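Novice: Protein chains in written order, with the working numbering: chain A, 1 to 80; chain B, 1 to 80; chain C, 1 to 735; chain D, 1 to 229.
Please read through the structure below; I'll follow up with questions.
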Amino acid sequence: MKVRVLVSFKDSVLDPQGQTVKNALHTLGYKNISDVRQGKVFEVDITDMSDADIEKIIPEISNKVLANPIIEKFTWEILE
Amino acid sequence: MKVRVLVSFKDSVLDPQGQTVKNALHTLGYKNISDVRQGKVFEVDITDMSDADIEKIIPEISNKVLANPIIEKFTWEILE
Amino acid sequence: MIEKKIIKEHGLTEQEYEKIVELIGREPNLTELGIFSLMWSEHCSYKSSKIHLKKLPTSGENVIQGPGENAGIMDIGDGLAIVFKIESHNHPSFIEPYQGAATGVGGILRDIFTMGARPIALMDSLRFGPLSQAHNKSIMEGVVSGIAGYGNSIGIPTVGGEIYFNKCYSPNPLVNVFCIGLARKEKIFYAKAEGAGNSVLYVGSKTGRDGIHGATMASAEFDEDLEKKRPNVQVGDPFKEKLLLEACLEVMDKDLIVGIQDMGAAGLTCSTSEMASNSGSGIAINLDLVPQREEGMTPYEIMLSESQERMLIVAKRDKVQAVQEIFEKWDLEAIHIGQVTDGDKLKVEANGQEVVNIPVDSIVNLCPVYDRPFERPAYLDKLDQLDSLPLPENLNQTLLDLLTDPTQADKEWVFRQYDHMVQTNTALLPGADASVIRIKGTKKALATTLDGNPLYSYLDPKSGGKIAVAEACRNLSCVGAYPIGVTNCLNFGNPEKPEIMWQFKEIVEGISEACLAFDIPITGGNVSFYNETDGKPIHPTPVLGIVGIIPDLDKSIGPGFIDNGEAIFLLGNNRDEIGGTAYLKSQFQMEKGRPPQIDLEEEKRVQNLCLEAIDDGLLSSAHDISEGGLALCLFECAFLSAKKIGCVVHLSDNIRSDSLLFGETQSRILVTAPSHHLSRILNLAKERGVFAKKIGETGGAKIEIGHQNKTLIDLDVQTAFQAWKQAIPESFKIR
Amino acid sequence: MKFGIVIFPGSNCDYDTFNVLRDVFHMETVFLWHKDHNIKDVDCIILPGGFSYGDYLRSGAIARFSPLMQEVKEFAMKGGLVLGICNGFQVLLELGLLPGAMLRNKNLKFLCQHVHIRIEEKKTPFTKRGEKGQVLRIPIAHFDGNYYDSEEGIETLIENNQIVFRYSEHNGLISDKGNVNGSKESVAGIINKAGNVMGMMPHPERASEAILGSEDGKIIFQSIIDWLA
Ligand SMILES: Nc1ncnc2c1ncn2[C@@H]1O[C@H](COP(=O)(O)OP(=O)(O)O)[C@@H](O)[C@H]1O
Ligand SMILES: [Mg+2]
Numbered sequence: 001m002k003v004r005v006l007v008s009f010k011d012s013v014l015d016p017q018g019q020t021v022k023n024a025l026h027t028l029g030y031k032n033i034s035d036v037r038q039g040k041v042f043e044v045d046i047t048d049m050s051d052a053d054i055e056k057i058i059p060e061i062s063n064k065v066l067a068n069p070i071i072e073k074f075t076w077e078i079l080e
Numbered sequence: 001m002k003v004r005v006l007v008s009f010k011d012s013v014l015d016p017q018g019q020t021v022k023n024a025l026h027t028l029g030y031k032n033i034s035d036v037r038q039g040k041v042f043e044v045d046i047t048d049m050s051d052a053d054i055e056k057i058i059p060e061i062s063n064k065v066l067a068n069p070i071i072e073k074f075t076w077e078i079l080e
Numbered sequence: 001m002i003e004k005k006i007i008k009e010h011g012l013t014e015q016e017y018e019k020i021v022e023l024i025g026r027e028p029n030l031t032e033l034g035i036f037s038l039m040w041s042e043h044c045s046y047k048s049s050k051i052h053l054k055k056l057p058t059s060g061e062n063v064i065q066g067p068g069e070n071a072g073i074m075d076i077g078d079g080l081a082i083v084f085k086i087e088s089h090n091h092p093s094f095i096e097p098y099q100g101a102a103t104g105v106g107g108i109l110r111d112i113f114t115m116g117a118r119p120i121a122l123m124d125s126l127r128f129g130p131l132s133q134a135h136n137k138s139i140m141e142g143v144v145s146g147i148a149g150y151g152n153s154i155g156i157p158t159v160g161g162e163i164y165f166n167k168c169y170s171p172n173p174l175v176n177v178f179c180i181g182l183a184r185k186e187k188i189f190y191a192k193a194e195g196a197g198n199s200v201l202y203v204g205s206k207t208g209r210d211g212i213h214g215a216t217m218a219s220a221e222f223d224e225d226l227e228k229k230r231p232n233v234q235v236g237d238p239f240k241e242k243l244l245l246e247a248c249l250e251v252m253d254k255d256l257i258v259g260i261q262d263m264g265a266a267g268l269t270c271s272t273s274e275m276a277s278n279s280g281s282g283i284a285i286n287l288d289l290v291p292q293r294e295e296g297m298t299p300y301e302i303m304l305s306e307s308q309e310r311m312l313i314v315a316k317r318d319k320v321q322a323v324q325e326i327f328e329k330w331d332l333e334a335i336h337i338g339q340v341t342d343g344d345k346l347k348v349e350a351n352g353q354e355v356v357n358i359p360v361d362s363i364v365n366l367c368p369v370y371d372r373p374f375e376r377p378a379y380l381d382k383l384d385q386l387d388s389l390p391l392p393e394n395l396n397q398t399l400l401d402l403l404t405d406p407t408q409a410d411k412e413w414v415f416r417q418y419d420h421m422v423q424t425n426t427a428l429l430p431g432a433d434a435s436v437i438r439i440k441g442t443k444k445a446l447a448t449t450l451d452g453n454p455l456y457s458y459l460d461p462k463s464g465g466k467i468a469v470a471e472a473c474r475n476l477s478c479v480g481a482y483p484i485g486v487t488n489c490l491n492f493g494n495p496e497k498p499e500i501m502w503q504f505k506e507i508v509e510g511i512s513e514a515c516l517a518f519d520i521p522i523t524g525g526n527v528s529f530y531n532e533t534d535g536k537p538i539h540p541t542p543v544l545g546i547v548g549i550i551p552d553l554d555k556s557i558g559p560g561f562i563d564n565g566e567a568i569f570l571l572g573n574n575r576d577e578i579g580g581t582a583y584l585k586s587q588f589q590m591e592k593g594r595p596p597q598i599d600l601e602e603e604k605r606v607q608n609l610c611l612e613a614i615d616d617g618l619l620s621s622a623h624d625i626s627e628g629g630l631a632l633c634l635f636e637c638a639f640l641s642a643k644k645i646g647c648v649v650h651l652s653d654n655i656r657s658d659s660l661l662f663g664e665t666q667s668r669i670l671v672t673a674p675s676h677h678l679s680r681i682l683n684l685a686k687e688r689g690v691f692a693k694k695i696g697e698t699g700g701a702k703i704e705i706g707h708q709n710k711t712l713i714d715l716d717v718q719t720a721f722q723a724w725k726q727a728i729p730e731s732f733k734i735r
Numbered sequence: 001m002k003f004g005i006v007i008f009p010g011s012n013c014d015y016d017t018f019n020v021l022r023d024v025f026h027m028e029t030v031f032l033w034h035k036d037h038n039i040k041d042v043d044c045i046i047l048p049g050g051f052s053y054g055d056y057l058r059s060g061a062i063a064r065f066s067p068l069m070q071e072v073k074e075f076a077m078k079g080g081l082v083l084g085i086c087n088g089f090q091v092l093l094e095l096g097l098l099p100g101a102m103l104r105n106k107n108l109k110f111l112c113q114h115v116h117i118r119i120e121e122k123k124t125p126f127t128k129r130g131e132k133g134q135v136l137r138i139p140i141a142h143f144d145g146n147y148y149d150s151e152e153g154i155e156t157l158i159e160n161n162q163i164v165f166r167y168s169e170h171n172g173l174i175s176d177k178g179n180v181n182g183s184k185e186s187v188a189g190i191i192n193k194a195g196n197v198m199g200m201m202p203h204p205e206r207a208s209e210a211i212l213g214s215e216d217g218k219i220i221f222q223s224i225i226d227w228l229a
């Protein structure tokens, strides 16, 4: 089973990386790009686990390891 | 319009960050996690642009800016 | 009408609230209350520490600016001034180690360049809980990479620092960061808002809802409610800071501004009101003009936000455009948000309405000052006696245990993550007693060091304070630097507890006494209270940052053995003092006993002798004896020698062998010299009234320490070196 | 003979490099601002170390779009000497003037320390003063110095003798131990096929004065000066 976890800064937290990318795109002439936010993506392979357990474990590892809940939020989806 | 671009290492490139996360998860007892790969995600807001233009522009900025094609690959999807 | 509950949530007492009402002649509105709560917090007002800090000596002929500004300033000749300060970022680092430490670096850098100085070096003093616990490891990993991430990126070398491990810092770490900058004397700037009608400019990052209540948080003890209180921790943007640094230094260099102040803790509130108050003027700003990162921010939020990488500038009326052009060059905006006014008020407008109108003095200067009760803690009565301890059977093993205790072990794992060489001035790499930074264009160099032994301070606060100063100076003496100025960071528990207040008072008195003895002024510092977790305070932890001058860099020496066959001298006396040592802690898990006592006059004689001998070119190396005692000192001299040279040493003192090897008697320096300097050194020592003795010779691949007719230590340098070097990396390998 | 040092907003070894060229080698040296289109008739361009744009996206990724970089590219195409140090090397990779890419150091930590590098090619404008096999002691200070290219890319580099420096042990031995950051083929510095554009991760400007602990870096600057003379 493959799960994708997306981690990004909470909306109220400054995202200097995204801002820098946005500025670069503007300099290159892509003026229609009004905002960029940068985050992390984890593709996690899991073997031998029930769907119910996955439902439980993914938020758990996201909170503990993949994301820092103080400044980051996460979403996840099962890929296959 | 919001577009999500996912950038990750090509399969041929080692991903030590992903490995470190995997090891950390194993230490915490999540033994069923057989692999982790880490990449970047960009959420790009675009205003006033036709779908056709977006189809053209996203691969362009991904190749030029968001990803380095020597080591990275990307996929993208329109979110809304 | 403001409810009592809200007053309490703002960390203000009812009496304090009444005083506010009296000062402004009416009830404050919520935004005004927020402003008072920030500016009257412990962190910003020093209300509990002020009366004690007054005892510190702060004047001296080279002092250009003592405490009271963003940083201290001292004249170092050649038309140059140094600007330096230390700050704590303990609480933010506890909550989010990486960003907390990173923004700590950002903050101290702004304190330095806001005065017109280009930062030339950073140092960090860190305290963590034992690495045997996973969460302490991850805090340390985060803190170190946060400091690296910020400092490296801006290009300020982190040239040194210190780290102690003790369970009292688990999980509340201490992160103190020191910065020193160099300015031309005629280009120093202050936080001034002079000249009614002059423009108030906002520069740097946009304002977001970051760390609202950060300053009040730094003044509240942590408890189990932490989860709920968890604020929005700031994320640092070092690239923005680099732009800000370059742009600010450029407008200052071109003489376009009247005054400048960083927005650190208490952001816009603190910078506007302090600048006005410093100049006896008023200030008026319009919040609608403040660049905002988020929509719908209230005046309360904008005034209290602690977003990083922002500065406030007061520009000469006719120079605003010139200022804006320079900021534009650096891809930043300088936005006019208000002006200096006659009168004495901070006036804030938003959406066409006046939302704040209070006298600047009331927020900046009229916070109540407390003489909090103090009382000698009861724990001290139990610590004084040491029952007779068994002598370790295998002293080689005892030594290896001491060497591999993370507090004594090699810190390369940490400092190689820091760019310590950028700016190409680092003449002595991290790992030595002090850091040496040359001043290009002169023969001179600066030496800097951070010091503070928390164990001594816990067991005997006054001695702890004195020794922290003495040891820092001793570190400077060892590289041939004359101490000139001091900054200090005082980390303590809850000052509302009489025992904590007592520790504080004692330590400040100790520091004061030592600074007077060395005739070095304190030019600034920082106090961090409320370092407690679930009611358990940390050991009182003063961290002294002392700066010295090396008149001729070519004469400076380091701690490592230079050559085989050189004579090893001990300057100073060995005494039987074993209390409070690293040895007791490592061998017997004891934090007990009377720590070493110090005679400041004796200390000065030893240091002066060392300085004189270096100046006369007599010495090859010098290293001070501190944690781990004489034995550890010898091993460090071998480890820090390029060729890993060993030595043979013989001691004859009538002292119990463990105490002789590992005792931490003060006022001792181990030096080496070519043998033909022997008589000159001994004569000089005699003339200067210092006990000095040749105790051995360098050479070989082993370290052998004999005592009377026994061999106490006989160890291969390489074996010990590898153990010392690997200790910290190993503990990070185990997950 | 004139040297130009590029300043990006986040460069931080610009003055260090300038000082060495001016004070140690007494060369005429000017700064080139990233927003300008003017390379001021220099004979050699140096892209210094630092964090050109905070290195937020990837090291050197955004710097390559600076107006000045188009001029640098043209200068290089015409055979002008270009040296990229550390972040400058990363910019040259992103710019496509040199092949390959940088990954994070193998231990995932920033590394600042003296390392040993072995001169692999003497016949370049940047190393002619050295000897093949000579070991230099020079500091590194980077997070992303783990050189990567595809198998074919690496083969091409080797075939064309484009690897100029390799990380080694103090005695010149190429080994995993000496390869501090995990680079493919222990690559510490490479040159383009035409032989006028070189990138290296170690900082020669930090090893050009005795007081800083090593003068081995002088070989690189002296070679350029000899070449241009
Ligand atoms: N332990 C101390 N010793 C001497 N001066 C101190 C100490 N703590 C704080 N100060 C001084 O009090 C003033 C206010 O400090 P602080 O609020 O930390 O300044 P800022 O936040 O602007 O950096 C500073 O001038 C500082 O140097
Ligand atoms: Mg300040």
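All C-beta atoms in this analysis are idealised placements derived from N, C-alpha and C, irrespective of residue type, glycine included.
Fair warning: this is a prediction, and the values are worked out from it, not measured in the lab.
1. Is the Cβ-Cβ distance between Ile119 of chain D and Val82 of chain D less than 9 Å?
2. Quick check on Ile62 of chain D - is its C-beta less than 9 Å from some C-beta in chain B?
3. Could you please give the first and the last residue of the uninterrupted beta strand (DSSP E) stretch that includes Lys73 of chain B?
4. Is there a Cβ from chain C that is less than 9 Å from the Cβ of Pro16 of chain A?
5. So who's on the other strand from Asp624 of chain C, going by DSSP bridges?
6. Rounded to the nearest angstrom, how far is the Cβ of Leu455 of chain C from that of Glu591 of chain C, given a contact under 8 Å?
7. Distance cutoff 9 Å, beta carbons only. Does Val41 of chain A sit that close to anything in chain C?
8. Judging by CA-CA distance, which residue of D:Asp36, D:Gly54 and D:Val30 is the nearest neighbour of Ser66 of chain D?
9. With distances taken Cα to Cα, identify the nearest neighbour of Pro521 of chain C among C:Ile511, C:Leu584 and C:Val527.
10. Helix, strand or coil: which one does DSSP assign to Pro359 of chain C?
11. Is the beta carbon of Gln308 of chain C less than 9 Å from the beta carbon of Asp237 of chain C?
12. Might you give, ordered along the chain, the residues of its own chain that have their beta carbon closer than 7 Å to the beta carbon of Gly195 of chain C, omitting 5 neighbours on each side?
13. Name the one or two DSSP bridge partners that Lys736 of chain C has.
14. In the DSSP assignment, find the unbroken beta strand (DSSP E) run with Arg166 of chain D in it and report its ends.
15. Below 8 Å, how does it come out for the segment 118-136 of chain C and the segment 159-169 of chain C: are there three or more Cβ pairs, yes or no?
16. My assumption, with CB atoms under 8 Å, is that Ile550 of chain C sits in contact with Ala638 of chain C. Please give the rounded CB distance.
17. State the beta-bridge partners of His677 of chain C as determined by DSSP.
18. Run the CB neighbour count on Val479 of chain C, radius 10 Å, all protein chains shown included, and call it buried at 16 or more, exposed below.
19. Grab the span of the alpha helix (DSSP H) containing Asp16 of chain D for me, first residue to last.
20. Using a cut-off of 7 Å between C-beta atoms, extract the partners of Asn63 of chain B located in chain A.
21. What is the C-beta distance between Cys501 of chain C and Arg372 of chain C, in whole angstroms, given that I count them as a contact (C-beta under 8 Å)?
22. So, for Leu459 of chain C: in the same chain, excluding its five sequence neighbours on each side, which residues have a beta-carbon less than 8 Å away from its beta-carbon?
23. Only counting runs of 3 or more residues, tell me where the beta strand (DSSP E) segments fall wholly within the segment 259-328 of chain C, in order along the chain.
24. Can we say the segment 180-200 of chain D touches the segment 52-64 of chain D, given the rule of at least three CB pairs closer than 8 Å?
25. Pair every Cβ in the segment 14-23 of chain C with every Cβ in the segment 62-69 of chain A, then say whether three or more of these pairs are closer than 8 Å.
Specialist: This is what the structure holds:
1. No, the Cβ-Cβ distance between Ile119 of chain D and Val82 of chain D is not below 9 Å.
2. Between Ile62 of chain D and chain B, the shortest Cβ-Cβ separation is below 9 Å.
3. Segment Glu72 to Ile78, the beta strand (DSSP E) holding Lys73 of chain B.
4. Contact of Pro16 of chain A with chain C is assigned, a C-beta pair being separated by under 9 Å.
5. Beta-bridge pairing links Asp624 of chain C to C:Ile669.
6. Confirmed, Cβ separation roughly 6 Å.
7. Put simply, the CB of Val41 of chain A is far from chain C, with every gap to its CB atoms at 9 Å or more.
8. The shortest Cα separation from Ser66 of chain D among D:Asp36, D:Gly54 and D:Val30 belongs to D:Asp36.
9. For the residues C:Ile511, C:Leu584 and C:Val527, the minimum Cα distance to Pro521 of chain C belongs to C:Ile511.
10. Reduced to three states, the DSSP call for Pro359 of chain C is strand.
11. Contact: yes.
12. Closer than 7 Å at the Cβ level, and outside the excluded window around Gly195 of chain C, lie Val258 and Val340.
13. Given that chain C is displayed from residue 1 to residue 735, the structure contains no residue 736 of chain C and the question cannot be resolved.
14. Note, Arg166 of chain D: beta strand (DSSP E), Ile163 to Ser168.
15. Yes: the two stretches touch, three or more of their Cβ pairs being nearer than 8 Å.
16. Contact annotation, Ile550 of chain C with Ala638 of chain C: C-beta distance approximately 25 Å; criterion of less than 8 Å not satisfied.
17. DSSP lists no partner for His677 of chain C.
18. Within 10 angstroms of the beta-carbon of Val479 of chain C lie 16 or more other beta-carbons, which makes it buried.
19. Here the alpha helix (DSSP H) through Asp16 of chain D covers Asp14 to Asn19.
20. Residues of chain A whose Cβ lies closer than 7 Å to the Cβ of Asn63 of chain B do not exist, since the nearest Cβ in that chain is about 12 Å away.
21. It is worth fixing the name first, because residue 501 of chain C is Met in this sequence and not Cys. Yes, they are in contact, since the Cβ atoms of Met501 of chain C and Arg372 of chain C sit about 5 Å apart, within 8 Å.
22. Cβ neighbours of Leu459 of chain C beyond the five flanking positions: Leu380, Leu383, Gly579, Gly580, Glu591, Lys592, Gly593, Arg594 and Pro595.
23. Complete beta strand (DSSP E) runs here, min 3: 282-286 and 310-315.
24. Contact between the segment 180-200 of chain D and the segment 52-64 of chain D is absent, because fewer than three Cβ pairs lie under 8 Å.
25. No, the segment 14-23 of chain C is not in contact with the segment 62-69 of chain A.
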